[in-house]
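These notes are about the structure you will find just below.
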Amino acid sequence: MEALKFARTRRRVSGAGGLLWPLLGACLWAAVVGYKPVIIVHGLFDSSEDFKNLQRFINESHPGTNVTVIDLFDRGASLEPMWKQVEGFKAAIYPIMQNAADGVHFICYSQGGLVCRGIVSTLPDHNVHSFISLSAPQAGQYGDTDYLKYLFPQFVKSNLYHLCYTVIGQRISICNYWNDPHHRDLYVNTSDYLALINSERPNPNSTEWKENFLKIQKLVLIGGPDDGVITPWQSSQFGFYDDNETVIEMQRQDLYLRDVFGLKTLAARGDLFLCSVPGVEHVRWHSNETVFHTCIEKWLV
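Counting in the numbering used here, the sequence shown runs from 882 upward without gaps.
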């Protein structure tokens, strides 16, 4: 009887031109299968208002998905120290995780990608399924970008270490992941954030943080050569400069080869994915529909 009613409903919808049938089918599928909640963490100088297009893409492709853009550390407040942001975002995100029995997905943009790494590394009972890092400086930042000129007009990349690798500098988010390849020792010994989550210097929490990080099911690293902000752009996929400013790809990086926090393990599991898209400027990644369909959509199930 129920099957007969469903068939009659389908005929009525089809009789109206069939325009509603794909939508009805998608809604029924979402109701039966259910999509995991999606949590979006913004980047430097952004706010939750900047992600309306990404929310729309998700709702159109995965109807019924609970999408939350965390509204914290907006605009100028995004310069707050990274550990402070990690704790703030963690407090806001944890209740969403607790109410998601099947887990959640992270989409973390730009600086937010490093915030999310701090969360999954330090939260032992997180349930992040797909961690989608959207043009984030995962291996650090080293470049004369418009952001840098705006923030530090008296500095260029070659001398910013004079500020960033000080106690005062480490109170500014971008200095927490400023990675000067010509002053490697200063970076390793001074960075209060990136050098720690990368286990680039002795860290008593490194084993625990690696175990926590490896609880993610998928790591998706998205970036592209026309980004214009993340420098080098390969940092979005854990590539970075050597001391000659030659880019060394992730698979040849020491942190990968020694598997210090789990990248090599993820790759061996088949759970590490790179998605490179040319022609996308940094501020367009989250509003570019091609990027969404190519790099993000299939992981939000």
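Note that beta-carbon positions come from the ideal geometry of N, C-alpha and C, so glycine has one too.
In this structure, DSSP gives Lys1038 a state outside helix and strand, which the three-state scheme calls coil. Boundaries of the alpha helix (DSSP H) around Cys1056: Ser1054 to Asn1057. According to the DSSP secondary-structure assignment, Val922 is paired through a beta bridge with Cys989. Look at Tyr916 here: in three-state DSSP terms it is coil, with no helix or strand label. Looking only at Thr1146, Leu1147 and Phe1173, the smallest Cα-Cα distance to Val1158 is reached by Phe1173.
The alpha-carbon separation between Ile1013 and Glu1178 amounts to approximately 10 Å. With contacts defined by Cβ atoms closer than 8 Å, Ser1168 and Asn934 form a contacting pair. Taking 8 Å as the upper bound for CB-CB distance, Pro1062 and Asp1123 are in contact here, some 6 Å apart. Collapsing the DSSP output to three states places Ile1078 in a helix. Here Leu1102 is buried: its Cβ has 16 or more other Cβ atoms, across all protein chains shown, within 10 Å. Taking 8 Å as the cut-off, the beta carbon of Ile1078 is found no closer than this to the beta carbon of Ser1016.
Looking at Glu1170, Tyr1028, Thr1071 and Pro1018, the one whose alpha-carbon comes closest to that of Leu995 is Pro1018. Here the C-alpha atom of Glu1170 lies approximately 26 Å from the C-alpha atom of Ser959. For the pair Ile988 and Glu1126, the Cα-to-Cα distance works out to about 29 Å. Secondary structure note for Lys1091: its alpha helix (DSSP H) is the uninterrupted segment Ser1087 to Phe1094. Under the three-state reduction of DSSP, Val967 is assigned to helix. In the three-state DSSP reduction, Gly1104 falls in the strand class (E or B).
Per DSSP, the beta bridge partners of Tyr1122 are Val1128.
Remark: fewer than three beta-carbon pairs, one from each stretch, lie closer than 8 Å, so the stretch 1075-1090 and the stretch 1045-1053 are not flagged as touching.
Each residue's CA atom was taken as its position, placing Ser1072 and Leu1044 some 12 Å apart. Inter-residue distance for Glu961 and Asp952 is about 15 Å (C-alpha atoms, whole angstroms). Just so you know, the alpha carbons of Thr946 and Ile939 end up roughly 7 Å apart. No Cβ-Cβ contact shorter than 8 Å links Tyr990 with Val948. Going by C-alpha positions, Pro1113 is about 16 Å away from Leu1155.
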